[in-house]
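The opening position of the sequence shown corresponds to residue 393 in the working numbering, with each subsequent residue numbered one higher. Every residue gets a Cβ at the ideal spot worked out from N, C-alpha and C, and that includes glycine. Reviewing the structure listed below.
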Amino acid sequence: MISKTIDTSAPILPAFAERYSGVSYDPQRPLSRSQLLALAEAARWAPSCFGDQPWRYIICDKATDPEAWDKAFACLAEGNQAWCKAAPVLMISCADTLFARNDKSNRYGSHDTGAASFGMCLQAASMGLMTHQMGGFDSDKARSL
Numbered sequence: 393m394i395s396k397t398i399d400t401s402a403p404i405l406p407a408f409a410e411r412y413s414g415v416s417y418d419p420q421r422p423l424s425r426s427q428l429l430a431l432a433e434a435a436r437w438a439p440s441c442f443g444d445q446p447w448r449y450i451i452c453d454k455a456t457d458p459e460a461w462d463k464a465f466a467c468l469a470e471g472n473q474a475w476c477k478a479a480p481v482l483m484i485s486c487a488d489t490l491f492a493r494n495d496k497s498n499r500y501g502s503h504d505t506g507a508a509s510f511g512m513c514l515q516a517a518s519m520g521l522m523t524h525q526m527g528g529f530d531s532d533k534a535r536s537l
C-alpha cells in the first residue's frame, strides 16, 4: 500500500489520517483469512439502531474464489473496473431494510451499514491496507450474487 498521511487541522486518531481511497493495488499481495476476519470484526462492533446490525457483506477474494471475484467485478461500472482490476478483494455491502426483531421498517439500516463499512475502512488503514468505497455499480447484477 502507498503510505499517505494527511495533515489535519486538529489532532485525530491516526487511522483517520492514514485512510486513503487509492486506486493502485498490488495483485501479488492477497489478504489472509485473519486479515479478512479482522475487517469483519471491526464492522461487527459498529453502532446500530437497537443493536440490529443490518449489514451484510459479500466478500469476494480473488485468491480463494476467483469466480466470485469475477462476478463482483462484472457488477462494477467501467470506470471502476479500469482501476480496481488488481484489487485482491471486492466486497459488496448490503443493508437489511427490516428490523430482525419485529420485521418493521428499519430506516436507519443504510446509515448503520455505512458506519460498519467505515469501521472496516479504519481497521484496514490501521493494518496498512487501503480501501476504496465505490458507488458505481449495477445494483441489479449485484443482487443476483
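In the assembly as shown, Gln-515 is a buried residue. Its beta-carbon has 16 or more other beta-carbons within 10 Å. For Cys-476, the enclosing alpha helix (DSSP H) covers residues 470-476. A straight-line Cα-Cα distance of about 33 Å links Glu-470 and Pro-406. No residue range can be given for Trp-437, since it is assigned to no beta strand (DSSP E) and is classified by DSSP as neither H nor E.
Per the coordinates, the alpha-carbon of Pro-439 lies some 18 Å from the alpha-carbon of Leu-429. C-alpha of Ala-409 to C-alpha of Asp-399: approximately 7 Å in a straight line. Distance from the CA atom of Lys-496 to the CA atom of Arg-436, rounded to whole angstroms, is 22 Å. Taken in chain order, the complete alpha helix (DSSP H) segments of 4 or more residues contained in the region 397-473 are 406-410, 425-436 and 458-467.
Within the same chain, and ignoring the five residues on either side of Ser-518 in sequence, the residues whose Cβ sits closer than 6 Å to its Cβ are Ala-407. Distance from the Cα of Leu-537 is smallest, within the candidate group Leu-468, Thr-505, Asp-504 and Ser-509, for Leu-468. With contacts defined by Cβ atoms closer than 9 Å, Arg-535 and Ser-485 do not form a contacting pair. Rounded to the nearest whole angstrom, the C-alpha separation of Glu-433 and Asp-504 is 15 Å. A direct Cα-to-Cα measurement between Asp-453 and Trp-461 gives close to 6 Å. Secondary structure at Phe-510: helix, using DSSP grouped into helix, strand and coil.
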